[in-house]
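> Letter by letter, the sequence shown follows residues 13 to 201 of my numbering.
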Amino acid sequence: MDVVFVGAGPANLSGALHLASLIKTHNAEVQSGKRAGAPLGEIEIGVIEKGAAVGAHILSGAVMDPRALRELIPDFVEQGAPLESPVKEDYFLYLTKKHALRSPITPPPLRNHGYYIVSLNRLTAWLGEKCEAAGVNIFPEFPGADILYDEGDRQRREAQTKLRTGSRSSRQGDGAGRRPARLVNQTAH
Ligand SMILES: Cc1cc2nc3c(=O)[nH]c(=O)nc-3n(C[C@H](O)[C@H](O)[C@H](O)COP(=O)(O)OP(=O)(O)OC[C@H]3O[C@@H](n4cnc5c(N)ncnc54)[C@H](O)[C@@H]3O)c2cc1C
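1. Any heavy atom of ligand 1 within a distance shorter than 7 angstroms of the CB on residue 126?
2. Measuring straight from C-alpha to C-alpha, what distance separates residue 59 and residue 156?
3. Beta-carbon distances below 6 angstroms to any heavy atom of ligand 1 define the shell here; list its residues in chain order, please.
4. Do you know how far the Cα of residue 71 is from the Cα of residue 137?
5. Starting from the Cα of residue 116, find the closest Cα among 65, 15 and 102 and give me that residue.
6. Residue 73 lies in the beta strand (DSSP E); which residues open and close that run?
7. Ignore the nearest five residues each way along the sequence and tell me which others in residue 128's own chain have a CB closer than 8 angstroms to its CB.
8. State the DSSP-derived secondary structure class of residue 39, mapped to helix, strand or coil.
9. Can you give me the C-alpha to C-alpha distance between residue 12 and residue 104, rounded to a whole angstrom?
10. Beta-carbon separation of residue 27 and residue 140 under 8 angstroms?
11. Tell me the rounded alpha-carbon separation between residue 87 and residue 93.
12. I need the boundaries of the alpha helix (DSSP H) containing residue 113, first residue and last residue.
13. Can you tell me which of the three DSSP states residue 149 falls into?
14. Look at the alpha carbon of residue 41 and the alpha carbon of residue 152, and state the distance between them as a whole number of angstroms.
15. Please determine, among 22, 52, 148 and 17, the residue with the shortest C-alpha to C-alpha distance to residue 80.
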């Protein structure tokens, strides 16, 4: 792997997808002569996730501001992003034991018009599929445990990050049968 993201949450999946897209654009532009420089070639991007599947450890429901997703995937609605519903109404309520008192105004930070109600679990799984379609390698059941640096060599030689599967152990505390992973920064040969 050339680039490894630790954790398949929405942030890292978006980052991996964006990186894959930037590399693809760069290579295409260099090839067509639109951009100077050398093509980057095959850059292996990996995302490791300690959960059994992408989204398995993402449990919150969410009201999503779609601004970032729109930048990443402009036609996310047409592409079938799992959106439950657009937000249609906002209320700010003060709850007593028996009543709900509606505020005449909804404070600006709590206004969600234009946002979407999503299951973040489903949205994350969908982003994972988009990543895989873009050539990103996803490794579920893969808890990252350590990052090991070789301080001396790192300054003098190119460092290469390598994924290594360790022996089964309970050291990572993530349950029996899981594959503990180590992120090892090694010097390139
Ligand atoms: C109850 C609740 C309600 C929320 N409601 C909203 C809302 O309405 N609207 C909103 O915008 N936001 C909401 N949030 C916040 C939102 O969930 C987070 O901002 C968002 O999930 C952060 O995304 P992330 O990718 O940075 O990290 P996460 O979603 O936390 O993803 C991290 C991923 O990395 C994996 N991981 C962690 N450590 C390792 C490791 N060592 N090795 C391998 N994998 C690892 C985890 O299993 C997980 O899959 C809510 C959060 C909670 C808890």
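Ideal Cβ placement from N, Cα and C applies to all residues, glycine included. What you are looking at is a predicted structure, and each value in this text was computed from that prediction instead of being measured.
On the basis of the data shown:
1. no
2. 10 angstroms
3. 18, 19, 20, 21, 22, 23, 24, 60, 61, 62, 63, 69, 70, 72, 74, 75, 76, 132, 155 and 156
4. 12 angstroms
5. 102
6. 73-76
7. 75, 76, 78, 95, 96, 97, 98 and 99
8. helix
9. Lying outside 13 to 201, the shown extent of the chain, residue 12 is not represented and no answer is given.
10. no
11. 9 angstroms
12. That residue, residue 113, is in no alpha helix (DSSP H); its beta strand (DSSP E) goes 112-114.
13. strand
14. 33 angstroms
15. 22
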